[in-house]
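First up is the structure itself, then whatever we jot down about it.
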Amino acid sequence: FKGVECVMPNTVIIRVKERTPAAVLNYCGVNYTIDHKGMVLEESETDVLVGELPQLSGMDIAGQYGCDVGRVISVNNTAQLSAMQELLVELEVLSAQQEISRIKLSDMTHILLETSEGYSVSLGNATNIHAKLKAMLSIRRKLNEMGKGSGTIDVSNPEAPTFLPETE
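Residues in the sequence shown are numbered consecutively from 1, following our numbering.
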């Protein structure tokens, strides 16, 4: 809701800002499109927007009504919701939504991402997410320039990120 304006004699103008899809969460075989706050925007049994938005996994959804359209997802672990919200906001701030294909939040001490090129990214815990994502984007860019294949980028310490190439 952005505001309301009355224009006499018989007009009311309501200004709203549409929510922007930020991720897709699959729960019980249904894909839920959510915004960066975790608000469920729509549900679908098809793979709509899968591939265009990061796929969330590992969320501890609270019961059968944890994903209702028009409500923030309900989780048993509030740290997961906070980490998810911060990750999605930071991806938007860094214009990196298209760079990440998967976000895995099942272990809050070892948050994992997968880039669109197939790199695994270890964030460690949910602290200092902005710096970790910036380090990951920088390392990923350098690896792409060098033509490196798949592997794991560890940014759990963003001041000293590492890359472990995948062994054959």
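All C-beta atoms, glycine included, are put in the ideal place defined by N, C-alpha and C.
Proximity of residue i and residue j at Cβ, strictly below 8 Å
{"i": "N31", "j": "E43", "result": "yes"}
{"i": "K104", "j": "L91", "result": "no"}
{"i": "G63", "j": "V40", "result": "no"}
{"i": "S106", "j": "E114", "result": "no"}
{"i": "S122", "j": "E99", "result": "no"}
{"i": "G29", "j": "E45", "result": "yes"}
{"i": "L53", "j": "Q97", "result": "yes"}
{"i": "R140", "j": "I129", "result": "no"}
Spatial neighbours of residue i in its chain, beta-carbon cut-off 6 Å, leaving aside the 5 residues before and after
{"i": "L55", "result": "Inspection of the sequence shows that residue 55 is occupied by Gln rather than by Leu. Here the set comprises V24, R102."}
{"i": "A135", "result": "V155, P158, P161"}
{"i": "G124", "result": "S156"}
Cutoff 8 Å; reference residue i; Cβ partners in own chain excluding five residues on either side
{"i": "G66", "result": "Y27, I73, S74, V75"}
Assumed close pair residue i, residue j - CB separation to whole angstroms, cut-off 8 Å
{"i": "K2", "j": "V16", "result": "6 Å"}
{"i": "Q85", "j": "K148", "result": "In fact, because the Cβ distance is near 32 Å, the residues do not count as touching under 8 Å."}
{"i": "A126", "j": "A160", "result": "Their Cβ separation, rounded to whole angstroms, is 19 Å, which puts A126 and A160 out of contact at 8 Å."}
{"i": "G151", "j": "L164", "result": "5 Å"}
Backbone secondary structure at residue i - three-state DSSP
{"i": "A131", "result": "helix"}
{"i": "N26", "result": "strand"}
{"i": "E99", "result": "helix"}
{"i": "E43", "result": "strand"}
{"i": "R19", "result": "coil"}
Beta-carbon proximity list for residue i, same chain, < 7 Å, skipping 5 on both sides
{"i": "D68", "result": "V40"}
{"i": "E166", "result": "G149, S150, G151"}
beta-carbon residue i near the ligand NAP non-hydrogen atom, thresh 7 Å
{"i": "A135", "result": "What this structure holds is no ligand at all, so the ligand NAP is not there to describe."}
- Those runs of the alpha helix (DSSP H) which lie wholly inside the region 57 to 95 and span at least 4 residues: Runs found: 78 to 93.
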